[in-house]
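Student: For the sequence shown, the positions run 1 to 233 when full-length UniProt numbering is used.
Below are the structure tokens for one structure; questions will follow.
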Amino acid sequence: MQQETESAQLTFEDLSVVMGTYNEEESIGVVLEDIERVTDGDAEIICVDGSSDRTPEIAREHGATVIEQKPQGYGVAVREAVLSANRPVVVTTDCDDTYPMEALGDFLSLINEGYDVVSGDRLYHGAEKMPAFNRFGNAAFALLASGLMGERVHDTTTGMRAYRREVVQQIKWTENTGLSAELLIRPLMRGYNVRERPITYRERRGETKLDPIEGGLAIAKSIVKVCLQERLR
Ligand SMILES: Nc1nc2c(ncn2[C@@H]2O[C@H](COP(=O)(O)OP(=O)(O)OP(=O)(O)O)[C@@H](O)[C@H]2O)c(=O)[nH]1
Ligand SMILES: [Mg+2]
Numbered sequence: 001m002q003q004e005t006e007s008a009q010l011t012f013e014d015l016s017v018v019m020g021t022y023n024e025e026e027s028i029g030v031v032l033e034d035i036e037r038v039t040d041g042d043a044e045i046i047c048v049d050g051s052s053d054r055t056p057e058i059a060r061e062h063g064a065t066v067i068e069q070k071p072q073g074y075g076v077a078v079r080e081a082v083l084s085a086n087r088p089v090v091v092t093t094d095c096d097d098t099y100p101m102e103a104l105g106d107f108l109s110l111i112n113e114g115y116d117v118v119s120g121d122r123l124y125h126g127a128e129k130m131p132a133f134n135r136f137g138n139a140a141f142a143l144l145a146s147g148l149m150g151e152r153v154h155d156t157t158t159g160m161r162a163y164r165r166e167v168v169q170q171i172k173w174t175e176n177t178g179l180s181a182e183l184l185i186r187p188l189m190r191g192y193n194v195r196e197r198p199i200t201y202r203e204r205r206g207e208t209k210l211d212p213i214e215g216g217l218a219i220a221k222s223i224v225k226v227c228l229q230e231r232l233r
């Protein structure tokens, strides 16, 4: 059992929810409403935005902080987003309505239990709404990373995780499309307390920003590179 610590328990007021947003006007409103509802409007929301549609206006209407950035890929946006967080716990998500914001309370509870990183595992419940090619690829990435790390993980490419802010601040991030895998692998291989938590996964609203083949290759390369770098550190 985890010893009760003297430090106060973190609440939604200690939470920053951050995301890259790129032409997601179909979904951004729903996602931000979900976050507001679940956290009672207490969480900070940061969108790093490269859109040419109404996404940033909608985000601002919902009280989010919008950082403008020309579109350069997932990882460039999400790195800026996690490093811009002002609160002690940082949660990443996509803004395509695939991730269950209802799980934010549980993610926070696990951080309060002492975990440094809580990673949403989409594959545990089967991820039926994920295209089959992506599902197969994501399972294969997890196996590849597990083999290279020597520790079994089940979903390395999930976009929904909670981190203690020190973790994202203390590590130098190098990957773009592979950033999601990097954000799990480096903390794990440095001995941080990482835990996977099953989550449901919904069908994407709007169009994907990822080319499955090109993106998949980039992710596989990132996994091999990051695991080798961490082994040789
Ligand atoms: N600012 C910014 N955001 C981006 C960029 N590329 C992707 N995003 C955002 O990053 C998140 C992840 O992109 P997705 O297209 O959902 O990628 P994915 O989840 O791997 O693919 P799907 O399974 O199709 O959803 C989304 O919220 C995008 O809007 C970019 O170049 N700039
Ligand atoms: Mg997505």
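Where a beta carbon is used, it is the ideal one built from N, C-alpha and C, also for glycine.
1) Have a look at Asn108 and Arg186 and give me their C-alpha separation to the nearest angstrom.
2) Please report the residue range of the beta strand (DSSP E) in which Ala162 lies.
3) May I ask you to report which of helix, strand or coil DSSP gives Met19?
4) Rounded to a whole number of angstroms, what is the C-alpha to C-alpha distance between Arg195 and Arg122?
5) By a C-beta neighbour count over all protein chains shown, 10 Å radius and 16 as the cutoff for buried, is Arg197 buried or exposed?
6) Please state whether DSSP places Asp14 in a helix, a strand or coil.
7) If you draw a straight line from the alpha carbon of Ala142 to that of Lys172, how long is it in whole angstroms?
8) Determine the closest residue to Asp116 out of Val38, Leu232, Gly215, Tyr163, with distance taken between C-alpha atoms.
9) According to DSSP, is Ile171 helix, strand or coil?
10) How would the residue list near ligand 1 read, in chain order, if you kept each one whose beta-carbon is closer than 6 Å to any heavy atom?
Tutor: Per the coordinate set shown:
1) Here residue 108 is taken as the residue at index 108 of the sequence shown, counted from 1. Here residue 186 is taken as the residue at index 186 of the sequence shown, counted from 1. In the sequence as presented, Asn is not what sits at residue 108; that position holds Leu. Approximately 21 Å, taken between the alpha carbons.
2) The count along the sequence shown starts at 1 and reaches residue 162 at position 162. Here the beta strand (DSSP E) through Ala162 covers 161-164.
3) As a working note, residue 19 is residue 19 in the sequence shown. In the structure shown, Met19 falls within a strand segment according to DSSP collapsed to helix, strand and coil.
4) The residue given as residue 195 occupies position 195 in the sequence shown. The residue given as residue 122 occupies position 122 in the sequence shown. Their backbone Cα atoms lie some 13 Å apart in a straight line.
5) Against the sequence shown, residue 197 aligns to sequence position 197. Classification of Arg197: buried, given that the 10 Å Cβ count is 16 or more.
6) Start at 1 with the first residue of the sequence shown, and residue 14 comes out as number 14. Asp14: helix per DSSP, three-state reduction.
7) For the purposes of this step, residue 142 is taken as the residue at position 142 of the sequence shown. For the purposes of this step, residue 172 is taken as the residue at position 172 of the sequence shown. Straight-line Cα distance between these residues: approximately 22 Å.
8) As a first step, residue 116 is located in the sequence shown; it is residue number 116 there, counting from the start. Of Val38, Leu232, Gly215, Tyr163, the residue nearest in Cα terms is Tyr163.
9) Numbered from 1 along the sequence shown, position 171 holds the residue referred to as residue 171. Here Ile171 carries a coil assignment [DSSP, helix/strand/coil].
10) Met19, Gly20, Thr21, Tyr22, Glu24, Val48, Asp49, Gly50, Gln69, Pro71, Gln72, Gly73, Tyr74, Ala77, Asp94, Cys95, Asp96, Thr98, Asn134, Gly159, Arg204, Thr208, Lys209, Leu210
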